[in-house]
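Protein chains: 2
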Amino acid sequence: MSAWVGLLRGHAALTRALNADLVADHGLTLNDYEVLLRLSRAPERKMRRVDLAEQVLLTASGITRLLDGLQASGYVDKAACSSDARVTYAVLTEAGLEKLRSAAVVHVAGIHAKFAEHYSDVELATLAELLSRLDGSEPDGEACKPE
Amino acid sequence: MSAWVGLLRGHAALTRALNADLVADHGLTLNDYEVLLRLSRAPERKMRRVDLAEQVLLTASGITRLLDGLQASGYVDKAACSSDARVTYAVLTEAGLEKLRSAAVVHVAGIHAKFAEHYSDVELATLAELLSRLDGSEPDGEACKPE
DNA sequence: ACTCAATACTTGCGTACTCAATGTTCACCT
DNA sequence: AGGTGAACATTGAGTACGCAAGTATTGAGT
Chain A
2 MSAWVGLLRG HAALTRALNA DLVADHGLTL NDYEVLLRLS RAPERKMRRV
52 DLAEQVLLTA SGITRLLDGL QASGYVDKAA CSSDARVTYA VLTEAGLEKL
102 RSAAVVHVAG IHAKFAEHYS DVELATLAEL LSRLDGSEPD GEACKPE
Chain B
2 MSAWVGLLRG HAALTRALNA DLVADHGLTL NDYEVLLRLS RAPERKMRRV
52 DLAEQVLLTA SGITRLLDGL QASGYVDKAA CSSDARVTYA VLTEAGLEKL
102 RSAAVVHVAG IHAKFAEHYS DVELATLAEL LSRLDGSEPD GEACKPE
């Protein structure tokens, strides 16, 4: 049970702090950042919305709304798919890439600081490996910085 | 960065699954359960709302609304403090205790299953210890079951 | 006794979602 | 060709919060 409580509390502590910084400095939430990041690393900087939703663990509805916000800010555009009319792509704009880059400076440093404050490199690797088992994802190295 | 991504994804995967079970089977959210649990283990099964908010990592506003819901369901009552008129206690009712006990059967088993699925006992203890550093909390043994 | 800052709680408002419903499109089968 | 079920994206409605503002009370200092 300790691990469960630790996961809840640790998650809350970290996301609150990092989200507050991101919102205050750049007007982006953690999920906004994650979406911009995923797009920045996708071929042609575009992804189907359904794939994006799956990647950031949101529903179709959630991704629609989140992307509406980013589109309103000029950070993403929509693009149609030539072979499937059901599909709409989310495309990262130049403004979006700039935004991501500027936000990354502080965000990545913040994450590093939070973890380095508590863990050695070995411990961090252990933690990462253990946590990756929870949702079956592969450990994802240096995943926080845009290309 | 892997640990950060693992924390986000692991947290999402676990809380989604466990919350869905709790809501479907008992009409309680994870935070509802946690509040009932904390009250069940408090002296006289009552706590100041401000302390409860701090324990479950909610704001005063958040705990007010959460307790409103539990009170409407008959699981908690309010009680005044004889020595400080600012303070209102949240008190667990008998119905609340019963609810907690019945929910605990499935919830605790669910948590155990999720963790045992991925970790040995030693790994679990390691994970718990590492996670507890994130918000400076003490490891909290067998904290998920009501008294 | 008075003042002020801190404390406790509630309420209004806004945000970020999920669930359910809906319409369009596609893949597959007969 | 026609029918059916699934995939995709959006929208309406509801939920669970946090932030800010507000009220009442208390403790500390003068």
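So the sequence lines, in the order shown, correspond to chains A and B. Sequential numbering of the first sequence, starting at 2, is according to the working numbering. Sequential numbering of the second sequence, starting at 2, is according to the working numbering. Ideal placement from N, C-alpha and C gives every residue a C-beta, glycine not left out.
**OP:** Buried or exposed for D33 (chain B), please, with buried defined as at least 16 other CB atoms from any protein chain shown within 10 angstroms of its CB.
**Re:** It counts as buried.
Original post:
For Y34 (chain B), which of helix, strand or coil comes out of DSSP?
Top reply: It is helical.
Subject >> Three-pair Cβ contact test at 8 Å for the stretch 98-116 of chain A versus the stretch 49-69 of chain A >> reply: The stretch 98-116 of chain A is not in contact with the stretch 49-69 of chain A.
Original post:
What span of residues does the beta strand (DSSP E) with V77 (chain B) cover, start to end?
Top reply: Looking at the DSSP string, the run of the beta strand (DSSP E) that includes V77 (chain B) is V77 to A81.
**OP:** Quick one: residues in its chain with C-beta nearer than 6 Å to the C-beta of H27 (chain A), no 5 flanking neighbours on either side, listed in chain order?
**Re:** Excluding sequence neighbours, H27 (chain A) sits near A104.
Original post:
Whose CA, out of A:S62, A:V77 and A:D22, lies closest to the CA of E99 (chain A)?
Top reply: Minimum Cα distance to E99 (chain A) is reached at A:V77.
Subject >> Limits of the alpha helix (DSSP H) - the one that V92 (chain A) falls within >> reply: Here V92 (chain A) belongs to no alpha helix (DSSP H); instead the beta strand (DSSP E) covers T89 to L93.
Subject >> Buried/exposed call for E118 (chain B), threshold 16 Cβ in 10 Å >> reply: Answer is exposed; the Cβ neighbour count stays below 16.
Subject >> Proximity below 8 Å, CB of L67 (chain A) to CB of A13 (chain B) >> reply: Not in contact: L67 (chain A) and A13 (chain B) (Cβ atoms no closer than 8 Å).
Original post:
Are the C-beta of R134 (chain B) and some C-beta of chain A separated by less than 8 Å?
Top reply: For R134 (chain B), the nearest beta carbon of chain A is closer than 8 Å to its own beta carbon.
**OP:** Answer with yes or no whether the minimum CB distance from G142 (chain B) to chain A is below 8 Å.
**Re:** With a pLDDT of only 47 at G142 (chain B), under the threshold of 50, the placement of this residue in the model should not be trusted; the figure read from the coordinates follows. G142 (chain B) counts as touching chain A.
Original post:
Are there 16 or more other CB atoms within 10 angstroms of the CB of G63 (chain B), so buried, or fewer, so exposed?
Top reply: It is exposed - the Cβ of G63 (chain B) has fewer than 16 other Cβ atoms within 10 Å.
Original post:
Would you call E143 (chain A) buried or exposed, if buried means 16 or more other Cβ atoms sit within 10 Å of its Cβ?
Top reply: Interpretation of E143 (chain A) is limited by its pLDDT of 47, a score under 50 that renders its predicted location unreliable; no figure is taken from the coordinates.
Original post:
Would the beta-carbon of N23 (chain B) fall within 8 Å of that of L93 (chain B)?
Top reply: It should be noted that the sequence gives Leu, not Asn, for residue 23 (chain B). Taking 8 Å as the Cβ cut-off, L23 (chain B) and L93 (chain B) do not qualify as a contacting pair.
Original post:
Counting pairs of Cβ atoms below 8 Å between the stretch 119-132 of chain B and the stretch 110-129 of chain A, do you hit three or more?
Top reply: Below 8 Å, enough C-beta pairs join the stretch 119-132 of chain B and the stretch 110-129 of chain A to call them touching: three or more.
**OP:** Look at the Cβ atom of A80 (chain A), then the Cβ atom of K47 (chain A), and state whether they are nearer than 8 Å.
**Re:** A contact, by the Cβ cut-off of 8 Å.
**OP:** State the Cα-Cα distance for the pair H113 (chain B) and C82 (chain A), rounded to the nearest angstrom.
**Re:** Those two C-alpha atoms are separated by around 44 Å.
**OP:** Within its chain, find whatever has a CB closer than 8 Å to the CB of Y90 (chain A); leave out the 5 residues flanking it on each side and keep chain order.
**Re:** Excluding sequence neighbours, Y90 (chain A) sits near K47, M48, R49, R50, K79, A80, A81 and C82.
Subject >> 6 Å Cβ shell around L37 (chain B) - same chain, five flanking residues per side excluded >> reply: The residues are G97 and L101.
Subject >> Candidates A:W5, A:A18 and A:A61: closest to L15 (chain B) by CA position >> reply: It is A:W5.
**OP:** Could you tell me which residues DSSP pairs with R49 (chain B) in its beta bridges?
**Re:** BP columns for R49 (chain B) point to B:Y90.
Subject >> Proximity to A110 (chain A) [Cα-Cα], best of A:D69, A:S84 and A:A18 >> reply: Looking from the CA of A110 (chain A), the closest CA among A:D69, A:S84 and A:A18 belongs to A:A18.
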